[in-house]
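Residue 98 is where the sequence shown starts when you use this note's numbering, and the numbers rise one by one after that. A virtual CB, placed ideally from N, CA and C, is assigned to each residue, including glycine. Note that the structure is a prediction, hence the values are computed from the model and not measured. Read through the structure below, which is laid out as structure tokens, and then see the notes.
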Amino acid sequence: MSTESTEAVEAVEAVEAVEAVEAVEAVEAVEAVEAVEAVEAGGGGSALVSSALGRARDGTARYWAGDASRIPNSTGRSSWDAFRTMAQGPRITTIDHAIQGWFSVDLANHATANTEGHATLAGKKLVTLRKPSDTFLASHQLAYLRAAADLRADRLAEIRVQTANIMSFFATVGYLSRAATPWTIALAGAVVRLCKHLEMPLKHGFDVARPISMSYAVQPIIHTPGHGAWPSGHATESFAVATVLTRLFYQGDTDPVNAVTAQNELMRHAARIAMNRTVAGVHFPTDSMAGAVLGMTVGQALIRVLDGEKTVPTRTFHGDRYTGDFNLTVLAQTLNLPSVIETGQAAVQVTVPAWLERLWAEAQAEW
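Written out as structure tokens, the structure reads:
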């Protein structure tokens with residue numbers, strides 16, 4: 098067999114091996130979910146299980162006239178006790194209904210792409226983003242992708258994992274466990290979903306092109322996502338989570354600007370996650386800068402609301418002026434450039450449910 102033929106066979110075998118591993122992982126994931134559901138539901142959705150349970154009941158139950166024989170232990174309990182005993186799916190929905198209800202997206206134009214958009218909190222402008230034009234991106238941002246591409250071999254494993262999992266990287270800084278830190282995990286998940294609630298309408302409203310649309314030479318090493326580039330969702334979610342976890346892990350100053358300036362471990366991971374998207378070839382540095390501003394501001398606002406504060410910092414990012422690269426040092430410098438990032442304050446009136454106040458207290462107590 099020729100060398101080329103051998104290499105071709107090995108390539109096919111490698112693909113098949115990856116597919117086999119992915120197939121096993123998919124099956125294991127399904128089985129794990131089904132096992133959890135079986136425990137939680139007392140069933141499992143299986144016709145055999147349902148039949149067995151029905152026959153067992155017929156064989157063990159005594160005559161029942163329909164009278165009550167027990168008192169629900171939920172009668173008169175607090176909203177926190179009702180919340181903490183909910184199944185995971187309904188609990189997630191309840192958290193999202195409360196938190197996402199405070200935040201929204203404001204876009205002036207719903208027929209064509211916008212040049213400016215806002216994330217709002219309780220009807221007040223929290224983050225204002227002004228997007229760059231295609232010409233601006235081509236002139237000022239493509240060169241950074243060319244330089245970042247040299248890191249692809251080194252960053253490939255991270256890039257692949259981070260397409261669907263950023264939380265594991267933050268968990269290297271502070272121990273996260275369903276048993277030990279359930280409320281921190283619940284809150285972190287809620288922060289990620291809150292970011293998606295904001296970033297996707299903004300991406301759609303701005304409709305900024307991906308790098309692959311600017312040059313044939315970009316050739317990303319992962320599939321380019323099927324939505325607009327600006328702001329970066331990975332940057333938004335990473336910096337929002339890093340901001341909230343900074344409050345919990347470090348139990349000190351909660352200003353994310355200070356955390357970025359000090360380059361704490363969480364912010365370093367957030368920046369690397371964002372930068373990896375440029376290395377991969379699917380985001381410009383300005384996408385990450387916009388996402389970092391959005392994520393930090395949303396995370397800080399959420400903390401202040403949960404703390405019972407009545408004012409929150411606001412920020413405006415002039416993406417139509419920003420020509421630079423993205424890393425943590427550059428972010429710290431840019432946060433102090435009013436010509437690029439303006440900072441203000443907004444008074445907000447938000448009612449935090451009692452159960453959510455308790456969740457926040459429990460999350461803090463885990464650290």
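Drop a sphere of 10 angstroms on the beta-carbon of residue i, count the other beta-carbons inside from all chains shown, and report buried for 16 or more, exposed for fewer.
i      : result
Val445 : buried
Ala120 : Any reading at Ala120 must be qualified, since the residue scores a pLDDT of 41, below 50, and its modelled position is unreliable; the value itself is stated next. Exposed.
Trp457 : buried
Trp161 : exposed
Asp384 : buried
Glu137 : Any reading at Glu137 must be qualified, since the residue scores a pLDDT of 47, below 50, and its modelled position is unreliable; no value is offered.
Arg439 : Note that residue 439 is Glu in the sequence shown here, rather than Arg. Exposed, because fewer than 16 other Cβ atoms sit within 10 Å of the Cβ of Glu439.
Pro317 : buried
Asn211 : buried
Leu145 : exposed
Leu150 : exposed
Pro187 : exposed
Gly330 : buried
Ala129 : At Ala129 the pLDDT is 42, less than 50, meaning the model places this residue with poor confidence; the figure from the coordinates comes in the next sentence. The residue in question, Ala129, is exposed, as its Cβ has fewer than 16 Cβ neighbours within 10 Å.
Ala153 : exposed
Gln259 : buried
Thr426 : exposed
Leu453 : buried
Please work out which residues of its chain come closer than 8 Å, Cβ to Cβ, to residue i, disregarding the five sequence neighbours upstream and downstream, and give them in chain order.
i      : result
Ala126 : Below a pLDDT of 50, predicted positions are generally treated as unreliable, and Ala126, at 42, falls in that range; no measurement from the model is reported.
Ala429 : Val354, Val357, Thr358, Gln360
Trp199 : Leu218, Ala219, Val402, Val447
Thr343 : Thr351, Pro353, Ala356, Asn361, Leu363, Met364
Ala117 : Here the model assigns Ala117 a pLDDT of 40, short of 50, so the residue's position is not dependable and the matter cannot be decided.
Val341 : Leu284, Ala285, Val288, Gly396, Leu399, Ile400
His215 : Val202, Asp203, Leu204, Lys222, Leu223, Val224, Thr225, Leu226
Near residue i, which residues of its chain fall below 6 Å by C-beta distance, leaving aside the five closest residues on each side in sequence?
i      : result
Asp231 : Ala306
Gly392 : Thr333, Phe336, Ala337
Ala287 : Ile192, Ile196
Arg167 : none
Cys292 : Thr333, Glu334, Ala337
Phe180 : Trp452
I believe residue i touches residue j by the beta-carbon criterion, under 8 Å. Please report the beta-carbon distance rounded to the nearest angstrom.
i      : j      : result
Ala389 : Ala332 : 5 Å
Gln238 : Phe381 : 4 Å
Pro322 : Gly378 : Contact doesn't hold; Cβ gap of about 12 Å is too wide.
Val202 : Leu295 : 6 Å
Ile189 : Ile256 : 27 Å between Cβ atoms; not a contact.
Lys476 : Ala443 : The shown model of the chain, from 98 to 464, leaves out residue 476, and the question about it has no answer.
Asp304 : Gly271 : At roughly 37 Å, the Cβ-Cβ gap does not stay under 8 Å, so Asp304 and Gly271 are not in contact.
Thr394 : Gly441 : That pair is no contact at about 11 Å.
Ala261 : Met311 : At roughly 26 Å, the Cβ-Cβ gap does not stay under 8 Å, so Ala261 and Met311 are not in contact.
I need the boundaries of the alpha helix (DSSP H) containing residue i, first residue and last residue.
i      : result
His194 : 185-197
Val146 : 144-157
Ser385 : 382-403
Gly330 : 330-347
Thr358 : 353-359
Thr426 : 425-431
Thr375 : 362-377
Apart from the five residues on each side of it in sequence, which residues of its chain come closer than 7 Å, Cβ to Cβ, to residue i?
i      : result
Glu122 : For Glu122, the pLDDT reaches just 41, beneath the cut-off of 50, and the residue's location in the model is therefore unreliable, although a value from the coordinates is still provided. For Glu122, where only same-chain residues beyond five positions count, there are no Cβ hits under 7 Å.
Trp280 : Leu456, Glu459, Ala460, Glu463
Ala451 : Ser176, Trp177
Asp164 : none
Val315 : Leu242, Pro308, Ile309, Gly378
Phe233 : Asp417
On the DSSP letters alone, give me the boundaries of the beta strand (DSSP E) that residue i sits inside.
i      : result
Thr217 : 213-218
Arg307 : Run containing Arg307: none; DSSP gives neither H nor E here.
Ala443 : 438-444
Phe200 : 200-204
His415 : 408-415
Three Cβ pairs or more, each shorter than 8 Å: is that satisfied between the region 430-445 and the region 247-265? Taking 8 Å as the limit for Cβ pairs, the verdict is that the region 247-265 does not touch the region 430-445.
Would you be able to state if there are at least three C-beta pairs under 8 Å between the region 320-339 and the region 366-376? Yes, since at least three Cβ pairs between the region 366-376 and the region 320-339 fall closer than 8 Å, the two stretches touch.
With three or more C-beta pairs closer than 8 Å as the rule, is the region 410-429 touching the region 222-237? Three or more beta-carbon pairs drawn from the region 222-237 and the region 410-429 are found closer than 8 Å, and the two stretches are therefore classed as touching.
Answer yes if the region 296-313 comes into contact with the region 351-366, meaning at least three C-beta pairs across the two stretches below 8 Å, and no otherwise. With fewer than three CB-CB distances shorter than 8 Å, the region 351-366 does not count as touching the region 296-313.
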